[in-house]
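Going letter by letter, the sequence shown gives residues 24 to 181 in this note's numbering. Ideal Cβ placement from N, Cα and C applies to all residues, glycine included. These figures come from a predicted structure and were not determined experimentally. Here the structure is laid out as structure tokens; the discussion comes afterwards.
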Amino acid sequence: MNYTIHSSSPEYTVSIGRKIAVLLGERAVLALHGDLGSGKTCFIKGIAKGLGIGGNITSPTFTLIREYVGKRRLFHIDLYRLKEIDGNFAIDLEDCFSKEAVTAIEWAERAKEILPSDAIHIFFHHGDNEHERIIEIKNWPTSLKFPQRICADIERGL
């Protein structure tokens, strides 16, 4: 299933991530796509909140992978600096994909050859104004309920 959500601010993007996190199964791979500044890291901050992870969530641009543990585990991966994935790092990524965790990958198109077929692809687009973002969710599993009211709840600030 595919869904489109409009976010009017970074705070709403965090809220969207938080609400989506609670819907995810024990193992989920989120393949995030979008330009710099399009909201990927804000979304992952929300995912972390929804998984019960506190503290400061930052993009692992230089470390490539960060692991966070709360009520559930999150692997945050940023492939921005990589031109290609070498064999050893591919093994590390595949190991993350197989764990009972949510794995969120920024710049996921750089790992398209090794992404699992059940990865949920999320595309972030700049909207008409400075803070507006259009978030397209593709390949949402039919086994996971995606309440239609999530968009309305977020727009009302819930």
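- prompt: For the alpha helix (DSSP H) that Thr64 lies in, which residues bound it at each end?
  reply: The residue given as residue 64 occupies position 41 in the sequence shown. Thr64 -> alpha helix (DSSP H) spans 63-73.
query: Do the CB positions of Gly69 and Arg41 come within less than 8 Å of each other?
result: In the sequence shown, residue 69 corresponds to position 46, counting from 1. In the sequence shown, residue 41 corresponds to position 18, counting from 1. Yes; because the gap between Cβ atoms is below 8 Å, this pair is in contact.
- prompt: Candidates Phe120, Glu107, Arg133, His29: which alpha carbon is nearest Ser61's?
  reply: Counting from one through the sequence shown, the residue named residue 61 turns up at place 38. Measuring from the Cα of Ser61, the nearest candidate turns out to be His29.
- request: Output the distance between the C-alpha atoms of Asn152 and Ser32, rounded to the nearest integer angstrom.
  value: The residue you call residue 152 lines up with position 129 of the sequence shown. The residue you call residue 32 lines up with position 9 of the sequence shown. In a straight line, the C-alpha of Asn152 is about 10 Å away from that of Ser32.
field: Counted within 10 angstroms of its Cβ, other Cβ atoms place Ser38 as buried (16 or more) or exposed
entry: In the sequence shown, the residue the question calls residue 38 occupies position 15. Ser38 should be labelled buried.
- request: Can you grab the Cα-Cα spacing for the pair Leu87 / Leu74, in whole Å?
  value: Position 64 of the sequence shown, counted from the start, is the residue given in the question as residue 87. Position 51 of the sequence shown, counted from the start, is the residue given in the question as residue 74. The straight-line gap from Cα to Cα measures roughly 21 Å.
- request: Give the straight-line distance between the Cα atoms of Trp163 and Met24, rounded to the nearest whole angstrom.
  value: Position 140 of the sequence shown, counted from the start, is the residue given in the question as residue 163. Position 1 of the sequence shown, counted from the start, is the residue given in the question as residue 24. Each residue's Cα considered, the two are about 5 Å apart.
Cut-off 6 Å between Cβ atoms - residues of its own chain near Val45, not counting five sequence neighbours on either side: Position 22 of the sequence shown, counted from the first residue, corresponds to residue 45. Result list for Val45: Gly73, in chain order.
- request: Please determine, among Ile43, Ala127, His148, the residue with the shortest C-alpha to C-alpha distance to Arg89.
  value: For this step, residue 89 is matched to residue 66 along the sequence shown. Here the closest residue by C-alpha is Ala127.
- request: Pick out the complete beta strand (DSSP E) segments inside the region 131-159, 3 residues or longer, and give them in chain order.
  value: 143-149
message: Is it buried or exposed, Phe120, if we count other Cβ atoms within 10 angstroms and call 16 or more buried?
response: As a working note, residue 120 is residue 97 in the sequence shown. Counting Cβ neighbours within 10 Å, Phe120 comes out buried, since at least 16 surround it.
task: Indicate whether Ala134 and Val52 have their beta-carbon atoms separated by less than 8 Å.
output: In the sequence shown, the residue the question calls residue 134 occupies position 111. In the sequence shown, the residue the question calls residue 52 occupies position 29. Contact: no.
- request: State the start and end residues of the unbroken beta strand (DSSP E) segment that holds Arg89.
  value: Locating residue 89 in the sequence shown gives position 66, where the first residue counts as 1. Segment 88-92, the beta strand (DSSP E) holding Arg89.
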